[in-house]
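Residue numbers (the working numbering): 1 to 225.
Glycine is no exception: its CB is placed at the ideal position from the N, C-alpha and C atoms.
In what follows, a structure is listed as structure tokens, so that the remarks can point back to it.
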Amino acid sequence: MQANGSDKRLKIAGSSLLGVFGCCTEEAVLVPPETVDGAMRAIERHLGLVPLKMTVADSSVVGSLVCANSRGFILTPHASEEDMARLSPLGRVARLPGKISAAGNVILANDTAALVHPGLSDRACESIKRTLGVEVRRGTIGGLKTVGMTSAVTNRGVLTHPRLSEAELADLEDLFGLPVDVGTVNFGSPLVGSAILANGKGYVAGDETTGPELGRIEDALGFMG
Numbered sequence: 001m002q003a004n005g006s007d008k009r010l011k012i013a014g015s016s017l018l019g020v021f022g023c024c025t026e027e028a029v030l031v032p033p034e035t036v037d038g039a040m041r042a043i044e045r046h047l048g049l050v051p052l053k054m055t056v057a058d059s060s061v062v063g064s065l066v067c068a069n070s071r072g073f074i075l076t077p078h079a080s081e082e083d084m085a086r087l088s089p090l091g092r093v094a095r096l097p098g099k100i101s102a103a104g105n106v107i108l109a110n111d112t113a114a115l116v117h118p119g120l121s122d123r124a125c126e127s128i129k130r131t132l133g134v135e136v137r138r139g140t141i142g143g144l145k146t147v148g149m150t151s152a153v154t155n156r157g158v159l160t161h162p163r164l165s166e167a168e169l170a171d172l173e174d175l176f177g178l179p180v181d182v183g184t185v186n187f188g189s190p191l192v193g194s195a196i197l198a199n200g201k202g203y204v205a206g207d208e209t210t211g212p213e214l215g216r217i218e219d220a221l222g223f224m225g
């Protein structure tokens with residue numbers, strides 16, 4: 001994959017914040033119903049999966065409300081029984097226990113590990129561990145507790161907020177066992193998780209992302225060469 005592929009840059013629901021509106025794993029991509037056909041085709045081409053259109057808790061900000069990996073889905077506590085039933089054929093499904101509701105914003109997970117908001121309860125961490133089948137650790141990225149929005153992680157690499165500290169870097173490398181790099185999206189935004197959908201097959205990014213930013217994404221997530 002080359003960093004000059006303009007069709008890797010797109011909008012979902014009229015927004016360049018792809019990670020707010022969409023959720024991606026090795027097995028599934030969730031997008032809101034208003035995602036246009038061109039974006040659907042680009043997502044399928046680059047992520048190797050046919051996107052599933054749905055809302056969660058009657059909201060289009062699916063990426064903020066869902067964290068997922070190949071084994072399961074952690075949903076906002078406000079998710080409906082219908083939401084859970086829609087996803088249950090694809091893996092284990094659970095609502096995030098407690099008052100923190102934006103599961104996608106506060107959990108950064110791949111198929112082996114999850115870094116979570118330091119305020120999540122033991123009960124919430126146990127639910128994440130059981131549902132996603134991963135090691136769970138509390139922490140911050142760039143001093144921010146909304147770790148899901150700060151970073152993008154696949155089973156190949158981690159791209160994260162440029163204000164990542166040395167201690168946070170060491171913790172991420174230890175937890176995920178993957179190369180970690182820093183970058184930006186959408187012409188300088190440090191919240192890289194808010195604007196990337198990625199898995200081991202490929203990625204798409206917000207339509208304001210620059211060529212150099214695409215290059216950093218490709219390098220960090222293992223698509224160079």
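Reference residue i; option with closest CA among the options
i    : options                   : result
A205 : A124, S165, A152 and V180 : A152
T150 : S59, S127, N105 and S60   : N105
E218 : T184, L52, S189 and P190  : T184
R92  : V50, G133, D37 and A114   : G133
S127 : G143, K145, A103 and V62  : A103
M97  : A198, N186, R123 and I43  : Rather than Met, the amino acid found at residue 97 in this sequence is Pro. Here the closest residue by C-alpha is R123.
F176 : V116, V36 and D83         : V116
T112 : D207, S194 and T25        : T25
Extent of the continuous alpha helix (DSSP H) to which residue i belongs
i    : result
D174 : E166 to F176
I217 : G211 to A220
E81  : E81 to L87
V147 : V147 to T150
Simplified DSSP state of residue i, which is helix, strand or coil
i    : result
F73  : strand
D207 : coil
V36  : coil
L115 : strand
S127 : helix
E26  : coil
L10  : strand
I43  : helix
L144 : strand
V192 : helix
V62  : helix
L254 : The displayed coordinates of the chain run from 1 to 225. Any statement about residue 254 would go beyond what the structure contains.
Beta strand (DSSP E) segment containing residue i, residue limits
i    : result
L197 : I196 to A198
R92  : R92 to R95
V158 : V158 to T160
A109 : I107 to A109
V66  : V66 to A68
V20  : No beta strand (DSSP E) holds V20; the alpha helix (DSSP H) holding it covers L18 to F21.
R138 : E135 to R138
V182 : V180 to V182
Residue i to residue j span [Cα, whole Å]
i    : j    : result
L120 : N155 : 24 Å
K99  : F21  : 21 Å
H46  : K201 : 7 Å
V147 : C125 : 14 Å
H161 : S88  : 32 Å
N145 : R163 : At residue 145 the sequence reads Lys, which differs from the Asn that was named. Between K145 and R163, the C-alpha separation is close to 13 Å.
S189 : S16  : 11 Å
V158 : R138 : 17 Å
D7   : A42  : 7 Å
I107 : R95  : 13 Å
A12  : A39  : The amino acid occupying residue 12 in the given sequence is Ile; Ala does not appear at that position. C-alpha separation (whole angstroms): 7 Å.
N110 : L172 : 12 Å
T76  : L178 : 28 Å
Residue burial classification, residue i (beta-carbon count within 10 angstroms, cutoff 16)
i    : result
V180 : buried
E168 : buried
A85  : exposed
N4   : Low per-residue confidence applies at N4: pLDDT is 43, beneath 50, and the placement is therefore not dependable, though the value from the model is reported in the following sentence. Under this definition N4 is an exposed residue.
V136 : buried
E213 : buried
V36  : exposed
V50  : exposed
D58  : exposed
Distance cut-off 7 Å: residue i Cβ against heavy atoms of the ligand SAM
i    : result
E213 : In terms of ligand content, the structure shown is empty, and the ligand SAM therefore cannot be addressed.
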